[in-house]
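Chains as they are written, first to last, in my numbering: chain E, 981 to 1240; chain P, 981 to 1240; chain R, 981 to 1240; chain C, 981 to 1240; chain D, 981 to 1240; chain F, 981 to 1240. Virtual Cβ for every residue (Gly too), placed ideally from N, Cα, C. What you are looking at is a predicted structure, and each value in this text was computed from that prediction instead of being measured. Below is one structure, written out as C-alpha cells; the observations come after it.
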C-alpha cells in the first residue's frame, strides 16, 4: 500500500537519475518484509507487509531515507504464530527462497553505492531466513572486497513496554499469539479502516499450544478463525498510539545506530 | 500500485474467508511480474511491475478473476532490452531466485484449491526463469498427484499489430528496444501521469547493438539516459489505446484458453 | 556424551538387527540437536548438544524410545542468544546445511519403518532451520506416498514456570540471555561437573541489546566472556531440579502427543 | 561431429602441452552449445549442436582460435520454438544444470590462462541460462580478483537480412518457427547430407500459437511432425550460402570485438 | 569421436521418429561419460570420453542398444589418478553439476519410455557423482510412480585379470596410476593413432603418493608430464587386445544383467 | 565415543578460552568422519565413526593436536562396500549435504585462526564428497584472500601391508569387502568389546559382485547379514596390532606433511 505522504521516498516510484542523486547523501535504505498469510476473517492477508511498509515509511521519512518495494511473500506460517499452513490464502516461500531474495537485493543495493540498509520485518516467521540472507550477502560482499551495515528488526520490538501494559492491562499474551489480534487490528484500523471488517471479528478462544510443535501441522490449538488472541478491544485510537510510539522508538534507535 | 477500481480483486487485500469463498467459483488467479529497473530519467523504476499489474487487474476484472501481489524484482537487465546492470537503481535477482519464487507461489496456490493461473510478465528478461519456475512447480505437483493449468504471457504480445503500425508509422523498433520508450511512456502517462517527468525525456539516439552480447556488460550501445528508443511521441491518448487494445486481446485469448 | 545408563537406547551403539527388532514396537525416535558454540570460559563448547542429548536420553528411557546420534554443529550464533560469530571456537553451519541434515535423516528413518520422531533442540538459533528441514522431508514423503509424525521442541520450553521463578526469584531474564548462564551451568554441574570450570566464571555484566540486530556482528552488548547473564548462583542441586522437572514435563507432554 | 578440416582446433583432441603452448597467443576459445531435441522426421536430434559446432569451427579457423567440446544437451524445448517436451528423444536439462555447466567451464578456462571466450548457441531455449552461467562465473572471478571477456551469440543473428529475404521471398517466419525447417535443413544438407532424410519431410502446416504459452505443454499448435515451418525449399546450395554468409558476418563482428 | 561403424546407434544422429520406433524394442541406452583432462604430452585431453564412447559403441552394437552423446566434462582431477587440477587444459565440473547432468538425462530418458540405461564411465573421479545422480533420479522417479534400471560401470573393471597380468608381467600398478599410461595409450593407438604423439612420450618416473591426499593440490608426486606410470610398452596390438577382451566381458555381464 | 585418555583434546569439551589459547601453537585440527550404517549383527552401526574417532584421537595425541566432534552420518552405503541402502538402520546423507558440512566446518575453523586440518575418514563412501567439500571451502577461502592446508585420509591406507598380509595369510579381500569383517571386528574388540556381539557373527559366504553396480540397489551379492567377508578370525589382539601400526604410520606421515 503506497501512502501518498511517503510516495516520494519509494525507490520504485522514482527515476534512476533521481535515485542516483539521492544516493550521494548516503541515505538509509529501508526494505519492508511481510507475508501473504491469513489474518482472521476481519483483516486482509497482506497485513504483515502493509504494517511493515507503514512503519518503514514513517521512519524513513523522519530519517530522510529511501524505501524499497516490500517483499510481500514470507516464510511458512507456524501454528503458534500465524495459525499454520492449513489456511487457504496463506502463500509462503521455502526458507531458501526468502534467503535468496534478501541476499540478491542487498548485493544490488551495494552495487548502487548504498551502504546502510534497514530490513523492517512484519512477520514473525521470517526472522531467521532474513538473517541468513544478510549473512550470505555479507560473506559475498567480503569476497568482493566491500561491506555494508545492515539492521534487521521486527518492528514490534520497539513498541514501548508501557504502551503494551496499558493496552492489555498487564495481560499481554506475547508477540506470537498477537496474530490478527488487538495490536494488528488496531493499527490496521488506524491506517486502512476500509480494509478491516470489524463485524467479522470472531469470538474464538485464544490459541493454546503445548511446549512443542507438531508436523504435519494439524490445526490443533488454532482457533478456527485464525485469530490467535482476543481482538475485540481493538480501536483506531490504540492503533495510532501503537504506530506513533513504535515509530518514535525506531527513529531514536536508528538515529543512534547510524549516527544521524 | 493499487488502483481503487480493482482493489477488490487483490488477494492480499481480502481476508482468507473471502478468498476461500471466491475460490469455490474456480477463478483464474493472476500473478503480475515486473522488475526494479532503470526506465530513463522520466519514468519510475517500478514501471514493468506497474504496467503488468495494470494489465492483470483489467483482464482479471473482465474475467472475474483474482490477483496476487506482483513480484516487483526481476531478472538481470540486459543491455539490448533494459540497458543492463550498469545503472544504479536496477535491482535484479539471480535466475534461480526468481524461478524459486514462482515455483513456491504456484505450489501454494494449488494447495488453496486453485487450478488456473495466469502469469502476466512485464519485463523481457524474466521470461525464461518464469518458465522454469512453472516447470519445476508442475513437476512437483505431478509428484504430489495433482496438476494445474498455467499461462505465462508477456502482455505486449497481445498488442494488435495494427495499433503498433499506426503508432510507429511502420517503424516499430521491436519489443526489446521499446524500453522506457514510446509504448511504456504512453501507458504510464495514461495510468499515472504524476509519475512521469516528460521534461526529463532525453534526446539520445536509440540503442545500437551487434549480433552478440558482451560480458561483463560495458554499456556500449546503450544511450546514457537508459532510454533505448525515441519516446518523444508518447501521449496519454496513445497509452489508452495501447492498454485498451491489449487488454481486449488478452481477455479474448484467455476466455478461449480457459473456456470462460 | 554417552551416559552408560542410556547407552542401550543409542541407535549407533546397537546392531542393525537389534534396531530392526526394536522398530517392530513402533518406538519414538529421538534426535538431539545442539551446536559447537562458545559457552563462556567455564563451560565446554559442546554444551548445547550435551544438554539436548541428556534430555533426550532420559525422556527416551521413560518412553521406551530410541536415540539417534546428536547433530553437534548448529546454526550461526546470534549476539543476543549466543554472543555471535565473533568468538573463536563457535563453529556454525549455513542454514541450508542444517536443514538438509534434518531432511536427509528423516527420509532415512522413514525408510527404516519408523513413523514417530522427536527432535530435541538445545540451541536457540537452530529452531527455524530444523523446522524447514522437517517441512522439506514431509513434502518429499508426501510425494513418496507416505508420512510420519515429527515433534520439534526446545527442551527449555518444558521447564515449569514455577521452577524458573523460584530459582530466579522472579527475575528470569528470558531464554535467549540465559546463554552459558545459571540454567546451563547448573545442569552441566549436575551432569558433568568435571567439564565445568567454576573458577573461570566471569563477573561480566549481563548482555544488553537494542531492539534490532546489526550485521556484520560487532560484539556490541556482548560481555567479553560470552556469558550473557549472571551464573554465580548455579549449583548442581539446581541442575538436578531443572533436569528432573523438565524431563517430567516432556515425558508427560509426549505421552499425550503419541498416546503412549 | 568433428570435421577433419577443423580437428586441429579442438581442445579435446590436443594434448595439454599443445594447448598450453597455443594459449600463449591469447586465442579466442569457442564453446558451442546445442541440444538433443526433435528436429522433425528428417533431421537428426543433435542438429542444434552440430550446427553450432560447424559455425564455431569455421569462425575459430578464421580467427586462429580454439574450440571446446560442445554442450550437447540444452534447456527444455518450448512449443513455439522446438515443439516442446512432448516428443520422445528431446532430452533437456533443468535451467540450473545448464547454467552450472557454463559457470564451471568458464571458471576452468580462466584458470588455464585464457581470457576470451565466445559461446556459440544453436538452440533458442538456451540463451538465458547461458547468460546466467556467464554472470555467475564473472561474479566468482571478480571475487577471485580476475576477469575475462565473454561473448554469447545465437549464430542466426548474424545471417544477413538480405540472405533471408532472398531465400524466403519476403516471408521469413522468424527464428523461432524456423525449427527443423528451411534454414536448418539447408545447412544440414550442406554439411552432413547423409544425416538428412529428405523423403521423410512432412507436409504439415506450420506451427500456430496464441500470444501466450500454456503449461503443462499439450502440443496444441505444434505440427505432429515437429517441423514448425515449411522446409520443402531447402537445398544444400542454400545451406552453403547461409553458412558462408553467417560465418563471414561473425568473423567480422568478432574481429572487431576482440581487435583481431 | 563418432566411429562410422557405430553411428547408426547414436541417438543424436537419428530422427525422433526413428528413435521412437526403436524404443519399442526396449533397447538398452548407453551413456558414456569422460572428462577433459590432461593425458600427458602424447594423448589428447578428451581421452577418457573417447575411450568410454568406444567401449559403449561396441557393447551397444553387440546388444542392439542405442547410444547417447557422451558427457565430455567430468569431475575434478585428483593428483593420484589424473595429476590434479594444476594442469592447463584440465576442465572440470563441480560435483553437483555432474550429478545434475546425470539426473536430468535419466529423467528425460524415462519420459521417452526407456527403462534400461548403462552409464559407461571412463574417468576415475566421476564415479561417485554419477552414483549420486542416479540415486537422485531414481528417488524422483519413485515420486512420479515409475522406475528404471541403471547400471554404472567403469569399463576397466571388466578387463580380464589375465590380460592385465600378461601385459604388465605381474606389475600392474593399479587403475589409478594407469593414467595416460600403458593401457590408455595402447587403446588410443588401436582406435585413433593419429591422435597419439608417441614421440612426446616422457621418461618420467611414475607418480608416488603418500597414504593421504593434500589440498590445495600442489603437484607433489605428480610427474611433470602428467603421465602417472610408464607407457613405453604401449602398442596398438595391446590396445586391440584390451578393447576386445573388455568389450567381450562387458557384453557377457550385461547380457546376464538385462537378460538379453 | 569419548575415550577418557583423549578427552582433553576434544574441542567440544573445552571452553572457548582454552581453545583460543591452544590455537596460538598452530595445532593440527582433526575431524573424524564416519557413518550410521549396518555393520552386521555383531557390530554397532556407528562403527565407522567410532574407529575414525579412535584413530584421530591417538594421532592427535601424538602430534599435540585438537579434535572436532565427528560427523556421524555419511554418504549412501553401496552394495559392494557396505551392503547398500537396503538395510534398516543405515542412515545416509545426500552427497551435497555431506559436502556442505565439510565446507562449513572448514570455513569456520579458518575464521578461528587454524590453518591445518586433517579429515580422518572411516567410511569408504564418504571420500569424494569430503573431497568436494574441501575444494569448495578452499575456493571460498581464496575469494576471502586466505587459505589453509587440508589433509584427507582413509585411515586404512596407512595400515602396513605386512600387517595385512600376516593377518590374512595372503588373502586380503580388499578394503571394500572388509566391511564389518575381520579388520573392523578386531579393532572394535580391542577398543569397545562390550559393543561387539561375537555370538551373532554370521556364517555367510562373502559378498560377490559383478564388474558393475546396479540401481535401484537390490541386495544381489550382499550376504543377508551385511557382513561382506569372513570375520571369524577377528581378535582383540589383532585389533591392537592394527590400531597401533596404523596410528604409527599416520603419525609418521603427518609429522612429515606438517613438519612437526
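For residue i, return the contacting residues in chain P, with the cut-off set at a CB-CB distance below 8 Å.
i	result
residue 1123 of chain D	1123
Counting C-beta neighbours from all protein chains within 10 Å, is the total for residue i 16 or more, i.e. buried, or is it exposed?
i	result
residue 1212 of chain F	exposed
residue 1133 of chain C	buried
residue 1221 of chain F	buried
residue 1068 of chain E	buried
residue 1011 of chain F	buried
residue 1008 of chain F	buried
residue 1071 of chain D	buried
residue 1178 of chain F	exposed
residue 1183 of chain R	exposed
residue 1239 of chain D	exposed
I need the straight-line Cα distance from residue i to residue j, nearest angstrom please.
i	j	result
residue 1100 of chain P	residue 992 of chain D	36 Å
residue 1077 of chain E	residue 1104 of chain P	22 Å
residue 1158 of chain F	residue 1188 of chain F	12 Å
residue 1021 of chain D	residue 998 of chain R	57 Å
residue 1098 of chain C	residue 1044 of chain C	13 Å
residue 1019 of chain F	residue 1113 of chain R	28 Å
residue 1026 of chain C	residue 1172 of chain C	12 Å
residue 1023 of chain R	residue 1122 of chain R	42 Å
residue 1038 of chain C	residue 981 of chain D	19 Å
residue 1137 of chain E	residue 1006 of chain P	41 Å
Residues of chain F with a CB under 8 Å from the CB of residue i: which are they?
i	result
residue 1072 of chain R	1084 and 1088
Just tell me which of the options has its CA closest to the CA of residue i.
i	options	result
residue 1195 of chain D	D/1021, D/1064, D/1181 and D/1071	D/1064
residue 1002 of chain E	E/1075, E/1066 and E/1093	E/1093
residue 1167 of chain D	D/1070, D/1227 and D/1013	D/1227
residue 1170 of chain D	D/1120, D/1036, D/1223 and D/1004	D/1223
residue 1215 of chain F	F/1041, F/1030, F/1147 and F/1014	F/1147
residue 1049 of chain F	F/996, F/1106, F/989 and F/1073	F/989
residue 1140 of chain E	E/1089, E/1232, E/1185 and E/1156	E/1232
residue 1164 of chain P	P/1230, P/1080, P/1200 and P/1217	P/1217
residue 1004 of chain F	F/1083, F/1036 and F/1095	F/1095
Which bits of chain D does residue i rub up against, with CB to CB less than 8 Å?
i	result
residue 922 of chain C	What the structure shows of chain C is the stretch from 981 to 1240, and residue 922 of chain C is not part of that stretch, so it cannot be assessed.
What residues of chain P sit near residue i, judged by a beta carbon separation below 9 Å?
i	result
residue 1021 of chain E	995, 996, 997 and 998
For residue i, go through chain C and note every residue whose CB falls closer than 7 Å to its CB, in chain order.
i	result
residue 1114 of chain P	1195
Residue i touches chain P at which residues, Cβ-Cβ below 7 Å?
i	result
residue 1096 of chain C	Going along chain P, no residue has its Cβ under 7 Å from residue 1096 of chain C, so there is no contact; the nearest lies around 11 Å.
residue 1010 of chain C	Here the premise fails: no neighbours, minimum Cβ distance about 12 Å.
Mind pulling the chain E residues with CB within less than 8 Å of residue i?
i	result
residue 1053 of chain P	1049, 1081, 1084 and 1085
How about residue i: is its C-beta nearer than 7 Å to some C-beta of chain A?
i	result
residue 988 of chain C	Among the chains of the structure shown, chain A does not appear; the protein chains present are E, P, R, C, D and F.
At 8 Å on the CB atoms, spell out the chain C contacts of residue i, in chain order.
i	result
residue 1127 of chain P	1196
| request: Just list the alpha helix (DSSP H) runs in the stretch 1018-1102 of chain C, keeping only unbroken ones of 4 residues or longer that don't cross its boundaries, in chain order. | output: Within the stretch 1018-1102 of chain C, the complete alpha helix (DSSP H) runs of at least 4 residues are 1027-1043, 1059-1062 and 1075-1092.
| Whole alpha helix (DSSP H) elements within the stretch 1144-1216 of chain D, 4-residue minimum | Within the stretch 1144-1216 of chain D, complete alpha helix (DSSP H) segments of at least 4 residues are found at 1162-1171, given in chain order.
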